[in-house]
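Residue numbering for the sequence shown follows the working numbering, beginning at 3 and increasing consecutively. Only one structure is covered here, and it is reproduced in the block below.
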Amino acid sequence: MKLMPLPTTTRLRQMMKGMPCEFGFNKVSLDSNGAFMKNKAGVQCYGTLVLDEMKVREVVAFNKSTYKVDGFVDYGDGHDSKTTADHALVLMFVPLFHSWVQPIASFATRHAAPGRVLARLVLEAILQLHKHNTTVVAVISDGASTNKAMWSCFGIKGKLHEPKHRVDHSCVPDQQLYFLCDVPLIIKCIRNHLMRHKYGMLRVVLKLTKEHVSPDNLRKMNVSLAVQLFSRSTAIGLKVYQRLEEPDLKDCHGTAQFTLRMNNLFDALNVKLPKFGITSSSKEVEVIQEFLDAVNKTEENHITNGTVMFASQVTMESLRVMLASVRDLITDLLSKGARYVLTGKLNQDPLERFFGVTRSYGGDEDHPTLISFAHIYRLLSLFTPISTCVTGNVSDEQTFVLATVADSMKRGRKDTLSSHERLQEAIRAKLAEISSTAQNETPTAPDHGYSTPAAQDCVIYYLCGYLVHSYLKHQRCSDCVHNIQSENAECPEAFLTLEREFKHGSLKLPSWELFCMFRGIEAKISDELQKNRLCSETFWSLLDALEDCDITSVGCSVHKVTTTAELLHSYIVLRLHFAARDTCKSFSSSEKVASAGKKVKLM
């Protein structure tokens, strides 16, 4: 019998340190991509850049590894934002002639990222991939207004008389960069547009359920229902009812033709198997061109005769750009030596599957928190789980990522450890500077404990006892311990600590000197947190604020600077955890109010 060896806790920490849990471009993924493409040439290095966003729950948390408050907008540029993020943007590279996919970047955004920001990130992603021996030939996105704004930044437009679906590649001479809209999204938009006009002949087609024809808001996002509506079986059913002279369907010949044409278009844009790959003589090329001509003719008739179009103006423009890009991209790839083209790779399905797994791993909520998303993204960038999401917007299909845990450990661990050490050194220097200017005067303890203490002072005294408890785990200097710890609770502020004791002596009691020091520090920290909103750099803001605070040093004469600095560090970290927790509670309250408002509207 053989047992599977399991990693130790230390080994797991090493793995996690290899790929930092942060937003921005993933160096491990890019390096793995470059290593794979190193010996490839021509179209073997070609692929698409897919981008999309998913909703996440707002949350903030203090990260002790980076000494930053996580949960704010982060585009990976080091800019300190004070706006909490509620969406996650992911960029994924999908090679055209290989079976793996690789997420290369993630960003925290507030709502949808602006078009100009998306354009900048797309250009940076194309440049980063080019540096790693990879060529992006197409950018694929959905039809959101921000993505259309990104198109406009590149000059892409789908106007009838002045369309533009490609631009010159910024890194590769004589290469075009094509822009595509997600095919399943366009199919859904066409179906939803037709439902708005209430075409009665679609409601009695054999074998179609009410969910197919009149979907609710949730089912309108389901790709399968939209594709099944525009299927060959639906077209046949319409023709049968017409031949049987069904009164409601006697004039459905045009609808049947349109349904069949939509079915053929989706099949042409969803070729996934190499044996059915598109070549220059394939009928799919003709189907794409015919539908593009039909789109142009439909809009011309709408302008000239006022006829109703089968899709909205925005969808028609997206469809025109997408069809022209697919047509020319097929021609471009075949002319450069590709034996066939799989149009099934020219959509967002890999990223939708990625989001489906992310949501299923997010716990009991529909959407994970931003912090959870960052951890799940790091995990899914290194391996593909055997168990995928139960349900999703696309069909379940096995995908593989290129980067591995071994790559993460080899390439990222040393850099991460060195940067963490530099951060720790900077923090120690800052705390030592503050501690070195601390006063050596010992405050006078009260003569009696008859006065009534403030509740705030009782809490500070209790927290000081916790700091003493933490300090005793690592320090051995008896003089320092004697200076910060007390054996008797003589001051009235010890009331809370004594009440919370399960048995006498179970909780540590701080000295009067330690309590007085942190009472002054707490006043400064509270004032700073009230004046300025919590942001990612709040830790450093608090250190700057404490430079103007009158601090009394604690500890023995030999270790007073290091002891004061260590206790300061522990208290600031503790207070930031509390501040982040209180902020999360406010987010939770807002979510409950919004949810209650939605329920009232449904009643």
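All C-beta atoms, glycine included, are put in the ideal place defined by N, C-alpha and C.
For this session: Write down every uninterrupted run of the alpha helix (DSSP H) in the segment 121-205 whose length is 4 residues or greater and which is fully enclosed by it, in chain order.
Result: 147-156, 185-198
For this session: Check residue 375 in the structure and name its three-state DSSP category.
Result: helix
For this session: Indicate the three-state DSSP secondary structure (helix, strand or coil) for residue 70 in the structure shown.
Result: strand
For this session: Look at the Cβ atom of residue 495, then the Cβ atom of residue 459, and state whether they are nearer than 8 Å.
Result: yes
Exercise. Do residue 324 and residue 297 have their C-beta atoms within less than 8 Å of each other?
Worked result: no
For this session: Would you mind stating whether residue 94 and residue 357 have Cβ atoms separated by less than 8 Å?
Result: no
Exercise. What does a CB cutoff of less than 7 Å around residue 373 pick up in its chain, not counting 5 residues either side in sequence?
Worked result: 61, 63, 72, 73
Problem set entry | Delimiting residues of the beta strand (DSSP E) encompassing residue 55 | 48-57
Exercise. Going by C-alpha distance, which of 561, 116, 575 is nearest residue 155?
Worked result: 116
Exercise. Could you check where the alpha helix (DSSP H) with residue 108 kicks off and where it finishes?
Worked result: Here residue 108 belongs to no alpha helix (DSSP H); instead the beta strand (DSSP E) covers 102-111.
Exercise. Whose C-alpha, out of 577, 54, 584, is nearest the C-alpha of residue 69?
Worked result: 577
Exercise. Out of 12, 54, 27, 67, which has the shortest C-alpha to C-alpha gap to residue 421?
Worked result: 67
Problem set entry | Assumed close pair residue 376, residue 23 - CB separation to whole angstroms, cut-off 8 Å | 5 Å
Exercise. What first and last residue would you give for the alpha helix (DSSP H) that runs through residue 483?
Worked result: 480-486
Exercise. By DSSP, does residue 588 sit in helix, in strand, or in coil?
Worked result: helix
Exercise. So is residue 456 buried or exposed if we call it buried at 16+ other beta carbons inside 10 Å?
Worked result: exposed
Exercise. Are residue 96 and residue 432 touching if we call contact CB-CB under 8 Å?
Worked result: no
Exercise. Exposed or buried, what is residue 188 when buried is set at 16 or more other beta-carbons lying within 10 Å of its beta-carbon?
Worked result: buried
For this session: Keeping to the same chain, check which residues put their C-beta closer than 8 Å to that of residue 162; ignore five residues upstream and five downstream.
Result: 298, 301, 302, 305, 322
Problem set entry | Bridge-paired residues (DSSP) for residue 303 | In the DSSP output, where bridge partners are listed per residue, residue 303 has none listed.
For this session: Check each candidate in 165, 316, 130 and name the one with the smallest Cα separation from residue 148.
Result: 316
Exercise. My guess is that residue 84 and residue 535 are in contact by the Cβ rule of under 8 Å, so how many angstroms apart are they, rounded?
Worked result: 5 Å
Problem set entry | Neighbourhood of residue 465 by C-beta distance below 8 Å, restricted to the same chain and skipping five residues each side | 520, 573, 576
Problem set entry | First and last residue of the uninterrupted beta strand (DSSP E) at residue 89 | 89-97
Exercise. Near residue 42, what residues of its chain come up, given a Cβ to Cβ distance below 8 Å and the 5 sequence neighbours on each side ignored?
Worked result: 135
Problem set entry | C-alpha gap between residue 360 and residue 282, whole angstroms | 39 Å
Exercise. Pairing CB atoms from the segment 26-42 with CB atoms from the segment 335-347, are three or more of them under 8 Å?
Worked result: no
Exercise. In chain order, what residues of the same chain lie with their CB nearer than 6 Å to the CB of residue 561, ignoring the 5 residues before and after it?
Worked result: 479, 482
For this session: Would you give the residue range spanned by the alpha helix (DSSP H) that residue 258 belongs to?
Result: 255-270
Exercise. Buried or exposed: where does residue 351 fall if 16 or more other Cβ atoms within 10 Å of its Cβ makes it buried?
Worked result: buried
Exercise. Residues bridged to residue 343 by DSSP?
Worked result: 280
Problem set entry | Sequence-distant residues of its chain with Cβ nearer than 6 Å to residue 437 (five each side left out) | 563, 566, 567
Exercise. Residue 517: which of 487, 424, 99, 532 sits nearest, CA to CA?
Worked result: 487
For this session: Please name the residue, chosen from 314, 380, 546, that lies closest to residue 429 on a Cα-to-Cα basis.
Result: 546
Problem set entry | Span separating the alpha-carbon of residue 559 from that of residue 499 | 29 Å
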